[in-house]
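Okay, so here's the structure we're looking at.
Here is the structure:
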């Protein structure tokens, strides 16, 4: 069921969004060569445990697209991994492409956001182009998220940026409704037909999350952890996401990182 929030409820969602945004901003600065993924996961755990009313949306999360309950506080996907990356004993290297996806509930309301970056100084121009494409697609999707438009307008805006950059789009996983739960209705595919789908209205809160891979739109689930989604051809992936609220005017980014 698609939930429509009141203005008061959107205000109540803002602390969770700010908290998620602030943690991702800190993690961006922490993600350097020599840092272990488990250190980043532990940092998020500490931040959640120190915040009154905060709960992880990932720990013990067990949807049908994963294998068993997720046991960590953040999704960390490196290089050919693009979504649902399970933190493990891996030390970041100069030039790694890292995607960080974080969802936290504060006082019963969820904020969900993701960023991608290249670690260290050895930045491959193609990695930077891929990341920028996801960021541009996110901005295009947000710009289309206006009352009176259709859900397909958001999907088409995201897909148009991907195709303009030469990337194909996987629509198995995409954006989604956000509220008291992390993943709610409606699904927001990263490609679609403009002027089609659910009519957008004030109070709809959704996560828009473009994710593209450099050489394919095909993924497989890593059998080692039963969660991490990787490109079938080994090419790199990037992922960017914000939780936004549709209003009577401009959409409000609830997970803004003040960057």
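Numbering (the numbering used here), first residue to last: 6 to 264.
Ideal Cβ placement from N, Cα and C applies to all residues, glycine included.
According to the DSSP assignment, residue 9 belongs to no alpha helix (DSSP H), since it is labelled neither H nor E. Following the DSSP letters along the chain, one finds residue 51 in no beta strand (DSSP E) but inside the alpha helix (DSSP H) bounded by residues 42 to 55. In this structure residue 10 is buried. Its beta-carbon is surrounded by 16 or more other beta-carbon atoms within 10 angstroms.
In the DSSP annotation of this structure, residue 117 is not part of any alpha helix (DSSP H); the continuous beta strand (DSSP E) holding it starts and ends at 114 to 123. Separation of residue 165 and residue 174 (C-alpha to C-alpha, rounded to the nearest whole angstrom) is 10 angstroms.
Taking one beta carbon from each stretch, the stretch 108 to 116 and the stretch 181 to 188 have 3 or more pairs nearer than 8 angstroms; the two touch. By the neighbour-count definition (other C-beta atoms within 10 Å, threshold 16), residue 7 is an exposed residue. Shortest Cα-Cα distance from residue 42 to any of 104, 227, 63, 169 involves 104. Nearest neighbour of residue 226 by Cα position, chosen from 50, 68, 89, 171, turns out to be 89. Within the model, the alpha-carbon separation for residue 99 versus residue 150 is close to 37 angstroms. Annotated as distal: residue 240 and residue 254, with beta-carbon spacing of 7 angstroms or more. If you look at residue 139, you'll find it in the alpha helix (DSSP H) that goes 130 to 149. Annotation for residue 157: 197, 198, 199, 200, 201, 202 place their beta carbon closer than 8 angstroms to its own, counting only its chain and skipping 5 residues before and after. The continuous beta strand (DSSP E) containing residue 61 extends over residues 59 to 61.
Under the criterion of beta carbons closer than 8 angstroms, residue 212 and residue 136 do not qualify as touching, at roughly 18 angstroms. Rounded to whole angstroms, the gap between the alpha carbons of residue 121 and residue 102 is 7 angstroms. In this structure, residue 81 and residue 92 form a Cβ contact; the two beta carbons are roughly 5 angstroms apart against a cut-off of 8 angstroms. Taken through DSSP and simplified to helix, strand or coil, residue 33 comes out as helix.
DSSP, reduced to helix, strand and coil, places residue 190 within a strand of the structure shown.
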